[in-house]
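In full-length UniProt numbering, the protein residues as written are 1 to 306.
Right, dumping it as structure tokens:
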């Protein structure tokens, strides 16, 4: 195994982790502020991907596709919050799970009805296609570097929004004591809609960005949603910093595990069996990481201790 391969896989892990952060940040905001378990968050990821693919195909503009993904996901999130989610805040978590699971089915069948069952494809714009030469002679896809850069910029913007703006103050206050800020005159219903739309927009943008390196198809958000839940458990529920650190850990563990574990087992067993065993364990590695973090710190790395 060469150092160039290791660096390339680390970059792949960073890119995967940054995209997971965009999913997990919205999910942890929604759960932290509203106390809502939203299984339909992956459907908003799918909505963004389909909106971007359809708009880019119709207009020929990748940027317009990204804008459409943001708008479509945010509008879908706001609509869902006002029509469905708003009735679930005071309900048991089981009711929330059942209702948002029903939303998954509605989004999936609605998307299939509008776009059909065949996948769509979102082309990488020519300006971002092809490889770029990094220090050390590493040839790496320019678009994946673009994903890392965009994700880091959005992460910085989100930290600024939460930590430095009036809306961020209200979001943090709503997470800690929603009754008190309601008594101080903050419109809780409007705040919840804004938070839900923000989380949905982040998920939709992530779907659009990832859609250019994989096919856009019905159900594409559910595997990412599972990983996003792992991320917020590792990082700590309600923590944006925890979502970022957890996403990077999950992305790197998943990517590097798939490379190193088969080679490690090849030292002690037949190569074919080593590949099969290593692949099976690499898919389990992120859950083993989550279990180890929970044993050491049950509230997650950055979760508040009660």
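Every residue gets a Cβ at the ideal spot worked out from N, C-alpha and C, and that includes glycine. From a predicted model like this one, the values you see are computed outputs, not experimental measurements.
- Between the segment 223-243 and the segment 1-15, the count of C-beta pairs closer than 8 angstroms stays below three; the two stretches do not touch.
- Pairwise C-beta distances place the segment 229-240 out of contact with the segment 58-71, as fewer than three of them are shorter than 8 angstroms.
- Residue 131 has 141 as its beta-bridge partners, per DSSP.
- Beta bridge pairing from DSSP links residue 120 with 216.
- In terms of Cα proximity to residue 159, the closest of 22, 104 and 298 is 22.
- Taking C-beta separations shorter than 6 angstroms and ignoring five residues to either side along the sequence, the partners of residue 257 in its chain run 282 and 285, following chain order.
- Of the candidates 39, 163 and 55, 55 places its Cα closest to the Cα of residue 211.
- Scanning its chain for C-beta atoms nearer than 8 angstroms, with the 5 sequence neighbours on each side dropped, one finds around residue 146 the residues 128, in chain order.
- In this structure, the beta-carbon distance from residue 112 to residue 218 falls below 7 angstroms.
- Within its own chain, the residues whose Cβ lies closer than 6 angstroms to the Cβ of residue 141, once the five positions on either side in sequence are excluded, are 131, listed in chain order.
- Under the 8 angstroms Cβ criterion, the segment 8-22 does not count as touching the segment 166-174, having fewer than three qualifying pairs.
- The three-state secondary structure of residue 178, taken from DSSP, is helix.
- Look at residue 287 here: in three-state DSSP terms it is helix.
- Take residue 236, set aside five residues on each side of it, and the residues of its chain with a beta-carbon closer than 7 angstroms to its own are 242, 299, 300, 301, 302 and 303, in chain order.
- The straight-line gap separating the alpha-carbon atoms of residue 9 and residue 214 is approximately 18 angstroms.
- Rounded to the nearest whole angstrom, the C-alpha separation of residue 227 and residue 51 is 23 angstroms.
- For residue 111, the uninterrupted alpha helix (DSSP H) segment begins and ends at 93-115.
- In chain order, 228, 231, 232, 243 and 247 place their CB closer than 6 angstroms to the CB of residue 24, counting only its own chain and leaving out the 5 sequence neighbours on each side.
- Out of 120, 186 and 203, the CA that lies nearest to the CA of residue 57 is found in 120.
- Around the beta-carbon of residue 20, 16 or more other beta-carbon atoms lie within 10 Å, marking it buried.
- The three-state reading of DSSP puts residue 28 in helix, counting H, G and I together.
- A residue is called buried once 16 or more other Cβ atoms fall within 10 Å of its Cβ, and residue 95, having fewer, is exposed.
- Taking C-beta atoms as the reference points, residue 201 and residue 73 count as a pair closer than 7 angstroms.
- In the structure shown, residue 61 adopts coil according to DSSP, grouped into three states.
- Annotation for residue 221: 42, 43, 45 and 46 place their beta carbon closer than 6 angstroms to its own, counting only its chain and skipping 5 residues before and after.
- Per the C-alpha coordinates, the member of 28, 151, 238 and 189 positioned closest to residue 78 is 189.
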